[in-house]
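Colleague: Residue numbers (this note's numbering), protein chains in the order written: chain F, 2 to 147; chain W, 2 to 147. This structure is in structure tokens; I'll ask about it shortly.
Number of protein chains: 2
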Amino acid sequence: MRYITGGIALGAALVLGTLATTAQATAAPTQPARTGGLYAPTELVLTVGQGESRATSTIQRAATLSCRPTATGTHPAPKAACAQLRAASGDLSKVTGVVTNRACTKEWNPIVVTADGVWEGHRVSYTYTFSNSCTMTDGKGQVFEF
Amino acid sequence: MRYITGGIALGAALVLGTLATTAQATAAPTQPARTGGLYAPTELVLTVGQGESRATSTIQRAATLSCRPTATGTHPAPKAACAQLRAASGDLSKVTGVVTNRACTKEWNPIVVTADGVWEGHRVSYTYTFSNSCTMTDGKGQVFEF
Chain F
2 MRYITGGIAL GAALVLGTLA TTAQATAAPT QPARTGGLYA PTELVLTVGQ
52 GESRATSTIQ RAATLSCRPT ATGTHPAPKA ACAQLRAASG DLSKVTGVVT
102 NRACTKEWNP IVVTADGVWE GHRVSYTYTF SNSCTMTDGK GQVFEF
Chain W
2 MRYITGGIAL GAALVLGTLA TTAQATAAPT QPARTGGLYA PTELVLTVGQ
52 GESRATSTIQ RAATLSCRPT ATGTHPAPKA ACAQLRAASG DLSKVTGVVT
102 NRACTKEWNP IVVTADGVWE GHRVSYTYTF SNSCTMTDGK GQVFEF
């Protein structure tokens, strides 16, 4: 029961926080608004690594991506990435599974991309392996463009 | 080989980007600096959910936390959270395993906290279950204080 009470208090704090922001309080928050309570959370960590699988790959780059209430994160183009994810209803396989006419060599120099976190309240853990950097060029989408 | 070349080009772009930022270029980036190349990435998604396990819990809140180059994210206190993680060398079990003298009831109303992503280049996937909200009060640390 204490937890539920805490939840209500949290909700009230969030509403107050929102009002304060609207009224442009002098103590302006330096961080983006908290997503809890108002929106189903959408927060992801994306990685790009060299290797065959999630377990064995060496992470080369990583970025955070939050899509609610606004597109933000260390991702260099969060708006475009969130737009693409939203268009795919959060289905990452539709983002990375792009088929193109690009001619690629067939060498095996795999690159693993991963996405972990939450999409609209649902847990996400996604892995996709590109056979080499050429196949990744079109296949990475906006989401893994970092 | 193409990939390695791309990596060097990326590094150069990042250095140029950093210089441009230092010189306060008019086209100022609206997003935090990219972490790839200069720092081992540290990017996490943290969740708090009701339930017994990662698989079955309902996510109530989620936040992103980036600790390099600066502490940022949708986490409400990224500096404090990153400081606590750094003090524990990224070991989340040291953050959530705090023993206190707080008297708690023993009812089973579990709360699951998770952390996924990358800590200094290494993949992280952490789950901890608190038996109820009382045990979570001290045990959540700064990291899960959102």
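All C-beta atoms, glycine included, are put in the ideal place defined by N, C-alpha and C.
(1) Taking the C-alpha atoms as reference points, what is the distance between residue 141 of chain W and residue 112 of chain F?
(2) For residue 85 of chain W, collect the residues of the same chain with a Cβ closer than 7 angstroms to its Cβ; drop the 5 residues on either side in sequence, then sort them by chain order.
(3) Residue 87 of chain W touches chain F at which residues, Cβ-Cβ below 7 angstroms?
(4) Under 7 angstroms Cβ to Cβ from residue 116 of chain W, same chain only, skipping five residues before and after it: list those, please.
(5) Taking 9 angstroms as the cut-off, decide whether the C-beta atoms of residue 103 of chain F and residue 138 of chain F are in contact.
(6) Which value, in whole angstroms, describes the spacing of the CA atoms of residue 68 of chain F and residue 63 of chain W?
(7) The alpha helix (DSSP H) with residue 139 of chain F in it runs from where to where?
(8) Give a yes or no on whether the minimum CB-CB distance between residue 44 of chain F and chain W is below 9 angstroms.
(9) Shortest alpha-carbon distance to residue 129 of chain W belongs to which of W:135, W:120, W:114?
(10) Strictly under 9 angstroms for the Cβ-Cβ distance: is residue 104 of chain W near chain F by that measure?
(11) Can you check DSSP and say which residues form a bridge with residue 46 of chain W?
(12) Under 9 angstroms, do residue 74 of chain W and residue 60 of chain W count as touching if we go by C-beta distance?
(13) Hey, could you find the ends of the alpha helix (DSSP H) residue 125 of chain F is sitting in?
(14) Along chain W, which residues have their Cβ under 8 angstroms away from the Cβ of residue 117 of chain F?
(15) Using a beta-carbon distance cut-off of less than 9 angstroms, what residues from the stretch 71-85 of chain F approach chain W?
(16) Can you pull out the residues from the stretch 55-67 of chain F whose beta carbon lies closer than 9 angstroms to at least one beta carbon of chain B?
(17) Can you find a CB in chain W that lies within less than 9 angstroms of the CB of residue 142 of chain F?
(18) Of all the CB atoms in chain W, is at least one closer than 9 angstroms to the CB of residue 122 of chain F?
(19) Would a C-beta distance cut-off of 9 angstroms place residue 66 of chain F and residue 82 of chain F closer than the cut-off?
(20) Here's a check: name, in chain order, each residue in its chain whose Cβ is nearer than 6 angstroms to the Cβ of residue 79 of chain W, leaving out the five neighbours to either side.
(21) Is it right to say residue 136 of chain W is buried, meaning 16 or more other beta carbons lie within 10 angstroms of its own, or is it exposed?
(22) Please list the terminal residues of the continuous alpha helix (DSSP H) segment that includes residue 93 of chain F.
(23) So with Cβ pairs under 9 angstroms, would you call residue 22 of chain F a contact of chain W?
(24) Buried or exposed: which applies to residue 90 of chain F, given that a residue is buried once 16 or more other Cβ atoms fall within 10 Å of its Cβ?
(25) On a CA-only basis, which of W:58, W:98, W:100, W:77 is nearest residue 147 of chain W? Give me that one, please.
(26) Look up residue 51 of chain W in the DSSP assignment and say whether it is helix, strand or coil.
Modeller: From the atom records:
(1) Straight-line Cα distance between these residues: approximately 35 angstroms.
(2) Cβ neighbours of residue 85 of chain W within its own chain (closer than 7 angstroms, five residues either side excluded): 96, 142, 143, 144.
(3) Ordered by position in chain F, no residue passes the 7 angstroms Cβ test against residue 87 of chain W, which lies about 17 angstroms from the chain.
(4) Closer than 7 angstroms at the Cβ level, and outside the excluded window around residue 116 of chain W, lie 45, 47, 93, 125, 127.
(5) Yes, they are a contact pair.
(6) Taking the straight line from one Cα to the other gives about 12 angstroms.
(7) Note, residue 139 of chain F: alpha helix (DSSP H), 134-140.
(8) Taking Cβ atoms only, chain W reaches closer than 9 angstroms to residue 44 of chain F, which makes this a yes.
(9) If we check each option's Cα against that of residue 129 of chain W, W:114 comes out closest.
(10) It does not; no Cβ of chain F falls within 9 angstroms.
(11) Per the DSSP secondary-structure output, residue 46 of chain W pairs in a beta bridge with W:65, W:117.
(12) No; because the gap between Cβ atoms is not below 9 angstroms, this pair is not in contact.
(13) Run containing residue 125 of chain F: none in the alpha helix (DSSP H); it sits in the beta strand (DSSP E), 123-131.
(14) Going along chain W in sequence order, the residues near residue 117 of chain F (Cβ under 8 angstroms) are 46, 117, 118, 126.
(15) For the stretch 71-85 of chain F, residues whose beta-carbon sits nearer than 9 angstroms to a beta-carbon of chain W comprise 73, 74, 75, 76, 77, 78, 79.
(16) No chain B appears in the structure shown, which is made up of the protein chains F and W.
(17) Residue contact with chain W for residue 142 of chain F: absent (no Cβ-Cβ distance below 9 angstroms to any residue of chain W).
(18) Judged by the 9 angstroms Cβ criterion, residue 122 of chain F is in contact with chain W.
(19) Yes, the Cβ-Cβ distance between residue 66 of chain F and residue 82 of chain F is below 9 angstroms.
(20) For residue 79 of chain W, where only same-chain residues beyond five positions count, the Cβ hits under 6 angstroms are 66, 72, 73.
(21) Residue 136 of chain W is buried by the Cβ-count criterion.
(22) Unbroken alpha helix (DSSP H) run through residue 93 of chain F: 93-97.
(23) In this predicted model, residue 22 of chain F has a pLDDT of only 36, less than 50, meaning its place in the structure is not dependable; the value taken from the coordinates is given anyway. False, the Cβ-Cβ gap to chain W never drops below 9 angstroms.
(24) With fewer than 16 other Cβ atoms inside 10 Å of its own Cβ, residue 90 of chain F counts as exposed.
(25) Comparing alpha carbon positions, the residue from W:58, W:98, W:100, W:77 closest to residue 147 of chain W is W:77.
(26) If DSSP states are grouped into helix, strand and coil, residue 51 of chain W belongs with the strands.
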